[in-house]
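Engineer: Just dropping this structure here.
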Amino acid sequence: MSNLFSIKTWRKEWLVLTGIATLLVSLFELVLIQKRYSLFSEGFLSVHQLSSPSGILGFILVSLSADAAVLGFITMLLLLVSDRIGLKHPGRRLLILALAVTPLILTDFVYHRLADYLGDALDLSMMLELVGGNAFEFVAVGFEHLILPLFLFLALILVVAFFTWKLKKSLGNAPKQIVVKPSFRKIFIEVSLLFLFGFILLFFSRITNEAFDHGLKRKPSGQILGYFAETLSDIDRDGFGLLRRPADPDPFDEAIFPYALDIPGNGIDENGVAGDLPLDGADELEESEAGSRATQWQHTPHIIFVMLESFRADLIGATYEGKVVTPILADLASQGVSVESAFSHNGYTVQSRYHTFTGHLSPANKGRSLAEKSLIDDFKKNGYEVAFFSGQDESFGAEKMQIGFERADIAYDARVEVHRRYTKFSTPGSLGLPYDVLIERVKTFLSTRESTRPLFLYLNLVDTHFPYHHKTILPLINDVVLSRSEIRSERKNALKAMYLNTAANVDRAIGRVLDALRQVLGEAPGIIVTSDHGESLFEDNFLGHGYMINDAQTQIPLIVSGLPVVIEQPFGQSELRSVIHAALAKRPHESQKPILRENEKKQVFQYIGTIERPRQIAMRGLSGRIIYDFRSGLVQTEGKAWRRPELLENSEYSAFQKLVYFWERALIARND
Numbered sequence: 049m050s051n052l053f054s055i056k057t058w059r060k061e062w063l064v065l066t067g068i069a070t071l072l073v074s075l076f077e078l079v080l081i082q083k084r085y086s087l088f089s090e091g092f093l094s095v096h097q098l099s100s101p102s103g104i105l106g107f108i109l110v111s112l113s114a115d116a117a118v119l120g121f122i123t124m125l126l127l128l129v130s131d132r133i134g135l136k137h138p139g140r141r142l143l144i145l146a147l148a149v150t151p152l153i154l155t156d157f158v159y160h161r162l163a164d165y166l167g168d169a170l171d172l173s174m175m176l177e178l179v180g181g182n183a184f185e186f187v188a189v190g191f192e193h194l195i196l197p198l199f200l201f202l203a204l205i206l207v208v209a210f211f212t213w214k215l216k217k218s219l220g221n222a223p224k225q226i227v228v229k230p231s232f233r234k235i236f237i238e239v240s241l242l243f244l245f246g247f248i249l250l251f252f253s254r255i256t257n258e259a260f261d262h263g264l265k266r267k268p269s270g271q272i273l274g275y276f277a278e279t280l281s282d283i284d285r286d287g288f289g290l291l292r293r294p295a296d297p298d299p300f301d302e303a304i305f306p307y308a309l310d311i312p313g314n315g316i317d318e319n320g321v322a323g324d325l326p327l328d329g330a331d332e333l334e335e336s337e338a339g340s341r342a343t344q345w346q347h348t349p350h351i352i353f354v355m356l357e358s359f360r361a362d363l364i365g366a367t368y369e370g371k372v373v374t375p376i377l378a379d380l381a382s383q384g385v386s387v388e389s390a391f392s393h394n395g396y397t398v399q400s401r402y403h404t405f406t407g408h409l410s411p412a413n414k415g416r417s418l419a420e421k422s423l424i425d426d427f428k429k430n431g432y433e434v435a436f437f438s439g440q441d442e443s444f445g446a447e448k449m450q451i452g453f454e455r456a457d458i459a460y461d462a463r464v465e466v467h468r469r470y471t472k473f474s475t476p477g478s479l480g481l482p483y484d485v486l487i488e489r490v491k492t493f494l495s496t497r498e499s500t501r502p503l504f505l506y507l508n509l510v511d512t513h514f515p516y517h518h519k520t521i522l523p524l525i526n527d528v529v530l531s532r533s534e535i536r537s538e539r540k541n542a543l544k545a546m547y548l549n550t551a552a553n554v555d556r557a558i559g560r561v562l563d564a565l566r567q568v569l570g571e572a573p574g575i576i577v578t579s580d581h582g583e584s585l586f587e588d589n590f591l592g593h594g595y596m597i598n599d600a601q602t603q604i605p606l607i608v609s610g611l612p613v614v615i616e617q618p619f620g621q622s623e624l625r626s627v628i629h630a631a632l633a634k635r636p637h638e639s640q641k642p643i644l645r646e647n648e649k650k651q652v653f654q655y656i657g658t659i660e661r662p663r664q665i666a667m668r669g670l671s672g673r674i675i676y677d678f679r680s681g682l683v684q685t686e687g688k689a690w691r692r693p694e695l696l697e698n699s700e701y702s703a704f705q706k707l708v709y710f711w712e713r714a715l716i717a718r719n720d
């Protein structure tokens, strides 16, 4: 009789497998962390460093203990499962080892693959918030980048299934052996002790050392143990524990936590940032209230409003190998004004669309959301026929940030002709129609239009959104084409060339629509052209938008022609509604040329994430920007490094307080 699985034998096998798995995973992750974040040496833009031998050794030990804590549990479960199915062949150890390390290494691979495009701005929780918590939107955007890890995972499953079958088959004719299984209670206690040791060591390392925290939270084991630490340390159950970023300013008071609504003048700083919100200063919240004005417009010209997607401000006047990228827009700018300092408040489509149409920074509460008015209602109220043509799905994000799309006289979006999309997926956040479909639809509408009312035509062109090319894009200034899988930082020059060519196609599409309008209307309409946000093309090692407050992602073009608007720069999207109202409420003058002014004191509020729980907030003026990061608790002023608020100079601290107070008042206005 052979006692194959005595407690002593089992412990030895478990320890050996856990130890090998821990060494493999830790070594792999230490290389990844050093390569990307330069944690153990000085590196470009590296903030968190462990340069001393003791610091590096300490991090390695904590890393090993965290991996051992998680892998110990995984290995235990795999050993028990193999016992359960009768898998006793020595080859099972290799099988268990492969199965134990794969989830962690695969997670590392996917995470760092995403980080290739998002850099240090990678924030998975914020990404989920921005797509409404819909994980399918992740897949729709990043499918091609996830093909390799998904393929490897499926291949591993097949290999495991094959070897399991082979091992069981090889044991089919083997002499039966009596197995004495160890006590599960003893097994569980030993594994739990290892888990507890790793958990405690990681917890204290992360809360006492910023560099340790920076590195450990990049590891799957650090995130797993961190989840438990976060949950257990949330003593007041307000949703924020000691490891949460931003951290809970008072772990024992459930009324004080990050993003709490700060009640003015009560002597309590509910969110723990910049002190209690003072009672005075409410007039600093300069949200437009155009929708509440009852004045009838005195001037009702035909107007076309073109909203572009991911269209950078520097495309206006750009050239490629001597060719002008946007000649139509450049011509419109010469006839009217081109605002150089125009900004998106958020850098993400849903919020930008809402800011532009409603004139508000924050969405109304549930009691007022359905009744909230927008530009669509303003034009209809003043006798316009409103025709809305969008290349995207206007239902995306509309549950919370409605603009009244369905109230337009003609309401067309990408849902009408899903079969003509250029995107692979038809989820609300990814669905897109090419510009030629929009042109066709607009021309059909114009040719059959019988209304004598003034026309407000809204046109949303989305072709410059990721992946920046589709089959109907023509080689106007170059023929560079990259597939999704070829879009990488090392090919950013080719990517920029492809993006510029797509922008040239969009520019030409605008010209075709304007020609059709002039022909049908018999006169030149008033023209407004802008974008929802910009786009990073691997500036700051980032691809995309909505995750960083910088000019690449938030500076937008704004061109106005044929309308007597008065624009002050810097200009924020939420001002457009009131600017249009002010221009049309006056009697028409002989000159319809817009006026552009500069205001040195004016600033545009910006944020990333949702306005209720932003990751960063900022104020952008003509001379620069101040940013506060809720996750790190640091402030950055123009041209200076990130610093803690208490290290700011007096003038800088005042600007920091003004920024935070503005955001807090925006939230209060939303909840009134």
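With the sequence shown counted from 1, adding 48 to any position gets you this note's numbering.
Note that CB positions come from ideal geometry on N, CA and C, so glycine has one too.
What you are looking at is a predicted structure, and each value in this text was computed from that prediction instead of being measured.
Are at least three pairs of beta-carbons, each pair with one atom in the segment 319-329 and one in the segment 526-544, less than 8 Å apart?
Structural biologist: No, they do not touch.
Engineer: In angstroms with no decimal places, state the Cα-to-Cα distance between Leu591 and Gln344.
Structural biologist: As a first step, residue 591 must be located in the sequence shown, where it is residue number 543. As a first step, residue 344 must be located in the sequence shown, where it is residue number 296. In a straight line, the C-alpha of Leu591 is about 45 Å away from that of Gln344.
Engineer: Using C-beta distances below 6 Å, list every residue in its chain close to Asp484, excluding the 5 sequence neighbours before and after it, in chain order.
Structural biologist: Sequence index remark: in the sequence shown, residue 484 carries index 436 (1-based). Within the same chain, Asp484 has close Cβ partners Thr520.
Engineer: What residue range does the alpha helix (DSSP H) around Pro101 cover?
Structural biologist: Within the sequence shown, numbered from 1, the residue matching residue 101 stands at position 53. Start and end: Pro101 to Arg132.
Engineer: Below 9 Å between beta carbons: does that hold for Ser358 and Ser579?
Structural biologist: Numbered from its first residue, the sequence shown carries residue 358 at position 310. Numbered from its first residue, the sequence shown carries residue 579 at position 531. Yes, the Cβ-Cβ distance between Ser358 and Ser579 is below 9 Å.
Engineer: Using a threshold of 9 Å, state whether the C-beta atoms of Leu291 and Ala117 are closer than that.
Structural biologist: As a first step, residue 291 must be located in the sequence shown, where it is residue number 243. As a first step, residue 117 must be located in the sequence shown, where it is residue number 69. Not a contact, by the Cβ cut-off of 9 Å.
Engineer: Using the C-alpha atoms, what's the distance from Pro573 back to Gly610?
Structural biologist: For this step, residue 610 is matched to residue 562 along the sequence shown. For this step, residue 573 is matched to residue 525 along the sequence shown. Approximately 7 Å, taken between the alpha carbons.
Engineer: So, Ile352 versus Leu505, is the Cβ gap smaller than 9 Å?
Structural biologist: Reading the sequence shown from its first residue, position 304 is the one you call residue 352. Reading the sequence shown from its first residue, position 457 is the one you call residue 505. For Ile352 and Leu505, yes; Cβs fall inside 9 Å.
Engineer: Pick out the complete alpha helix (DSSP H) segments inside the segment 400-485, 4 residues or longer, and give them in chain order.
Structural biologist: Segments of the alpha helix (DSSP H) lying fully in the segment 400-485: 414-417 and 423-429.
Engineer: What separation, rounded to the nearest whole angstrom, lies between the Cα atoms of Val510 and Pro101?
Structural biologist: Indexing the sequence shown from 1 puts residue 510 at position 462. Indexing the sequence shown from 1 puts residue 101 at position 53. If I take the Cα positions, the gap works out to 52 Å.
Engineer: Starting from Asp555 and walking both ways along the alpha helix (DSSP H), at which residues does that stretch end?
Structural biologist: Locating residue 555 in the sequence shown gives position 507, where the first residue counts as 1. It spans Lys540 to Leu569 - the alpha helix (DSSP H) in which Asp555 sits, taken as one unbroken run.
Engineer: I'd like to confirm the pairing. Which residues does DSSP put opposite Thr279 in its beta bridges?
Structural biologist: In the sequence shown, counting from the first residue as 1, residue 279 sits at position 231. Paired residue(s): none; Thr279 is not in a bridge.
Engineer: Determine which residues share a DSSP beta bridge with Val372 and list them.
Structural biologist: Position 324 of the sequence shown, counted from the start, is the residue given in the question as residue 372. Thr367.
Engineer: Could you name the residues of the same chain whose beta carbon sits closer than 6 Å to that of Ser474, not counting the 5 residues immediately before and after it, in chain order?
Structural biologist: If you number the sequence shown from 1, residue 474 lands on position 426. If we look at Ser474 and ignore the five residues flanking it on each side, its Cβ neighbours are Val466.
Engineer: Within a Cβ cutoff of 6 Å, which residues of the same chain sit near Tyr368, ignoring the five residues on either side of it in sequence?
Structural biologist: The sequence position of residue 368 within the sequence shown is 320, counting from 1. Answer for Tyr368: Ile525 and Leu548, listed in chain order.
Engineer: Take Ala600 and list the residues in its own chain whose beta-carbon comes closer than 6 Å to its own, dropping the five residues that flank it on each side.
Structural biologist: Locating residue 600 in the sequence shown gives position 552, where the first residue counts as 1. Same-chain partners within the cutoff: Gly582, Ser584 and Glu587.
Engineer: Could you pull the start and end residues of the alpha helix (DSSP H) that Glu712 belongs to?
Structural biologist: Along the sequence shown, one-based indexing puts residue 712 at 664. Run containing Glu712: Asn698 to Asn719, per the alpha helix (DSSP H) assignment.
Engineer: Using 8 Å as the cut-off, classify the Cβ of Arg691 as near or not near the heavy atoms of the ligand MG, replying yes or no.
Structural biologist: Absence of the ligand MG from the depicted structure is noted, as is the absence of any ligand whatsoever, leaving it without description.
Engineer: Which same chain residues end up closer than 7 Å to Leu145 when comparing Cβ atoms and leaving out the 5 residues on each side of it in sequence?
Structural biologist: Here residue 145 is taken as the residue at index 97 of the sequence shown, counted from 1. The residues are Leu65, Ile68 and Ala69.
Engineer: To the nearest angstrom, how far is the alpha carbon of Glu534 from that of His518?
Structural biologist: Working through the sequence shown from its first residue, we reach residue 534 at position 486. Working through the sequence shown from its first residue, we reach residue 518 at position 470. Each residue's Cα considered, the two are about 14 Å apart.
Engineer: Report all residues from its chain with a CB closer than 7 Å to the CB of Val398; omit the five preceding and five following residues, and keep chain order.
Structural biologist: Residue mapping note: residue 398 aligns to position 350 of the sequence shown, counting from 1. Only Phe444, Gly445 and Met449 meet the Cβ criterion.
Engineer: Do Gly681 and Pro618 have their C-beta atoms within less than 9 Å of each other?
Structural biologist: Position 633 of the sequence shown, counting from 1, holds the residue named residue 681. Position 570 of the sequence shown, counting from 1, holds the residue named residue 618. No, the Cβ-Cβ distance between Gly681 and Pro618 is not below 9 Å.
Engineer: With a threshold of 16 other CB atoms inside 10 Å of the CB of Tyr655, please say whether the residue is buried or exposed.
Structural biologist: Taking the sequence shown and counting its residues from 1, one reaches residue 655 at position 607. Classification for Tyr655: buried.
Engineer: Let me make sure I understand the geometry here. Which of Thr374, Leu409, Thr123 and Asn257 has the alpha-carbon closest to that of Arg625?
Structural biologist: Counting from one through the sequence shown, the residue named residue 625 turns up at place 577. Per the Cα distances, Leu409.
Engineer: Under DSSP, the beta strand (DSSP E) around Ile352 begins and ends at which residues?
Structural biologist: Translated into the one-based positions of the sequence shown, residue 352 becomes position 304. Ile352 -> beta strand (DSSP E) spans Ile351 to Leu356.
Engineer: Out of curiosity, what's the CA-to-CA distance linking Ala456 and Arg718?
Structural biologist: As a working note, residue 456 is residue 408 in the sequence shown. As a working note, residue 718 is residue 670 in the sequence shown. Their Cα atoms are separated by approximately 25 Å.
Engineer: Apply the 10 Å Cβ neighbour rule to Thr492 and answer buried if 16 or more other Cβ atoms are within range, or exposed otherwise.
Structural biologist: For the purposes of this step, residue 492 is taken as residue 444 along the sequence shown, with counting starting at 1. With fewer than 16 other Cβ atoms within 10 Å, it is exposed.
Engineer: Mapping DSSP to helix, strand and coil, what is Lys60?
Structural biologist: Numbered from its first residue, the sequence shown carries residue 60 at position 12. Note: Lys60 maps to helix in three-state DSSP.
Engineer: What whole-angstrom Cβ distance do Val73 and Asp115 have, given they're in contact under 8 Å?
Structural biologist: Mapped onto the sequence shown, residue 73 falls at position 25. Mapped onto the sequence shown, residue 115 falls at position 67. Correct: roughly 5 Å between the Cβ atoms.
Engineer: So if DSSP puts Met667 in a beta bridge, which residue, or which two residues, is it bridged to?
Structural biologist: In the sequence shown, residue 667 corresponds to position 619, counting from 1. Met667 pairs with Phe653 and Ile674.
Engineer: So, are the CB atoms of Val613 and Ala630 less than 9 Å apart?
Structural biologist: Here residue 613 refers to the residue found at position 565 when the sequence shown is read from its first residue. Here residue 630 refers to the residue found at position 582 when the sequence shown is read from its first residue. Cβ atoms of Val613 and Ala630: closer than 9 Å.
Engineer: Hey, Thr512 and Thr550 are a contact pair by Cβ (cut 8 Å); roughly how many whole angstroms apart?
Structural biologist: Counting from one through the sequence shown, the residue named residue 512 turns up at place 464. Counting from one through the sequence shown, the residue named residue 550 turns up at place 502. That pair is a contact at about 5 Å.
Engineer: To the nearest angstrom, how far is it from the Cα of Gly477 to the Cα of Asp425?
Structural biologist: For this step, residue 477 is matched to residue 429 along the sequence shown. For this step, residue 425 is matched to residue 377 along the sequence shown. Distance between the alpha carbons of Gly477 and Asp425 is about 25 Å.
Engineer: Is it true that the CB of Leu530 sits closer than 9 Å to the CB of Pro515?
Structural biologist: Looking up residue 515 in the sequence shown gives position 467. Looking up residue 530 in the sequence shown gives position 482. The answer is yes: Cβ separation under 9 Å.
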